[in-house]
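**Q** Supplied in structure tokens, the structure appears directly below.
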Amino acid sequence: LVSGAGAEAVNGFYVRRKGRAMCDAPVFVNENGILLFKYRMARGTCYWYFSREGDLSRSDGDFYRVKSDLRTRPPLEGWTFEACPLGRQTQVPTLTFCGEDEEESTDDGTSDGSDSSDQK
Numbered sequence: 002l003v004s005g006a007g008a009e010a011v012n013g014f015y016v017r018r019k020g021r022a023m024c025d026a027p028v029f030v031n032e033n034g035i036l037l038f039k040y041r042m043a044r045g046t047c048y049w050y051f052s053r054e055g056d057l058s059r060s061d062g063d064f065y066r067v068k069s070d071l072r073t074r075p076p077l078e079g080w081t082f083e084a085c086p087l088g089r090q091t092q093v094p095t096l097t098f099c100g101e102d103e104e105e106s107t108d109d110g111t112s113d114g115s116d117s118s119d120q121k
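Numbering of the sequence shown is given in this note's numbering, commencing with residue 2 and proceeding in unit increments.
See the structure below:
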């Protein structure tokens, strides 16, 4: 469940999009068609994104992102609108895992900032 996002389209329940994966992680979609996916930058840094469907290598459809290690689930915390034009200056989302395959996520999305120059 995603809630509290200033960009209303991002809020809602996300389900796995069958037959689609990126960076060895599942792709999720909500009822508004917003994707939640992991993307690897050219330098190898991974981020999870909330984005509109389209050319996912471009930032013009992005709402929020979080830097993350190589996990198959997005972090619950650490989301930002940095480098995401559609979420700029809005409240970042809150994520809650729901369902029978719920597992604890310890990746809080924090980073040392060493890859801040990566551009999508």
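Heads up, the beta-carbon is just placed ideally off N, CA and C, and yes, glycines get one too.
What do you get for residue 25, buried or exposed, if any count of 16 or more other CB atoms within 10 angstroms of its CB means buried?
**A** Exposed, because fewer than 16 other Cβ atoms sit within 10 Å of the Cβ of residue 25.
**Q** Tell me whether residue 67 sits in a helix, a strand or coil according to DSSP, three-state version.
**A** Residue state, collapsed to three classes: strand.
**Q** Count the CB pairs spanning the region 82–90 and the region 62–73 that are closer than 8 angstroms, and state whether there are at least three.
**A** Contact between the region 82–90 and the region 62–73 is present, because at least three Cβ pairs lie under 8 angstroms.
**Q** Which one of 34, 97, 35, 17 has the shortest CA to CA distance from residue 27?
**A** Of the candidates 34, 97, 35, 17, the one whose C-alpha sits nearest the C-alpha of residue 27 is 17.
**Q** If you count every other CB in all the chains shown that lies within 10 Å of the CB of residue 68, and 16 or more means buried, which is it?
**A** So residue 68 counts as buried.
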